[in-house]
Amino acid sequence: LAAREPELDTRVHCLVYGAEEVGLVGSTHDAGVRDHDAIKAIVNNDGAARGRTLKLYTHGFDDLADAAATVGDRFDHPINAVPRLGPHSDHWPYVQWGVPGYHVMSETGTEGRGWGHTFADTLDKLEKRDLREQAILLAELVVELADDETAVGRREPEAIAAQLEDEDLAEGMKVIGDWPY
Numbered sequence: 011l012a013a014r015e016p017e018l019d020t021r022v023h024c025l026v027y028g029a030e031e032v033g034l035v036g037s038t039h040d041a042g043v044r045d046h047d048a049i050k051a052i053v054n055n056d057g058a059a060r061g062r063t064l065k066l067y068t069h070g071f072d073d074l075a076d077a078a079a080t081v082g083d084r085f086d087h088p089i090n091a092v093p094r095l096g097p098h099s100d101h102w103p104y105v106q107w108g109v110p111g112y113h114v115m116s117e118t119g120t121e122g123r124g125w126g127h128t129f130a131d132t133l134d135k136l137e138k139r140d141l142r143e144q145a146i147l148l149a150e151l152v153v154e155l156a157d158d159e160t161a162v163g164r165r166e167p168e169a170i171a172a173q174l175e176d177e178d179l180a181e182g183m184k185v186i187g188d189w190p191y
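Here it is in structure tokens:
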């Protein structure tokens with residue numbers, strides 16, 4: 011992405027959070043102090059390079075699905091855009107309030123997370139080809155999003171709350187104290 015900086019029409023911030031398994035502490039803090047209107051989109055790469063094909067949860071933001079399709083078509087490479095909500099990663103403290111955001115993962119079939127989120131989650135298990143391909147696609151996606159001609163609409167928090175209810179995610183969030191509405 012650094013090599014593509016001259017093509018960017020807006021500034022891109024790279025934020026890194028660790029240990030999200032104990033709570034979304036870093037992203038929750040950042041979302042609490044950052045001006046949401048100044049954020050065009052969040053690209054949360056928690057789950058990339060586990061498999062060859064990208065799977066992007068778009069959280070019902072149609073413009074994010076469109077941007078992913080544009081990049082997939084440009085590279086003739088599959089990118090699976092999933093409109094469902096995923097409230098358990100570092101994009102969520104922004105998305106819950108209507109900021110467009112992806113949760114980037116990979117298609118893994120029945121394998122699921124595999125080694126992910128375990129002590130065995132080490133670099134030696136990373137497929138270099140998958141990492142390289144996805145780095146190229148995700149850099150292109152960020153360049154696409156940073157283009158002034160790419161519009162990304164917001165969603166109302168009430169619509170997101172309703173979608174959580176429709177997808178049977180709300181009850182569990184309420185039980186564990188994660189319901190923000």
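First residue of the sequence shown? That's 11 in the working numbering, and the numbers climb one at a time after it. All C-beta atoms, glycine included, are put in the ideal place defined by N, C-alpha and C.
When the distance is taken between beta carbons, is residue 59 closer than 9 Å to residue 173?
Cβ distance not < 9 Å, so residue 173 and residue 59 don't count as in contact.
Suppose the cutoff is 7 Å on Cβ atoms and the five residues either side in sequence are ignored; what does the same chain contact list for residue 102 look like?
Here the set comprises 34.
Would you kindly check if the distance between the Cβ of residue 170 and the Cβ of residue 42 is under 9 Å?
Taking 9 Å as the Cβ cut-off, residue 42 and residue 170 do not qualify as a contacting pair.
Alpha carbon to alpha carbon, how far is residue 156 from residue 112?
Taking the straight line from one Cα to the other gives about 14 Å.
For residue 135, the three-state DSSP class (helix, strand or coil):
Reduced to three states, the DSSP call for residue 135 is helix.
Assigned exposure category for residue 28 - 16 Cβ within 10 Å defines buried:
That one is exposed.
Same chain only: Cβ atoms within 6 Å of residue 78, ignoring 5 sequence neighbours per side:
Cβ neighbours of residue 78 within its own chain (closer than 6 Å, five residues either side excluded): 66, 89 and 91.
Here's a check: name, in chain order, each residue in its chain whose Cβ is nearer than 8 Å to the Cβ of residue 136, leaving out the five neighbours to either side.
Hits under 8 Å: 59.
Express the C-alpha separation of residue 61 and residue 142 in angstroms, rounding to a whole number.
Between residue 142 and residue 61, the C-alpha separation is close to 12 Å.
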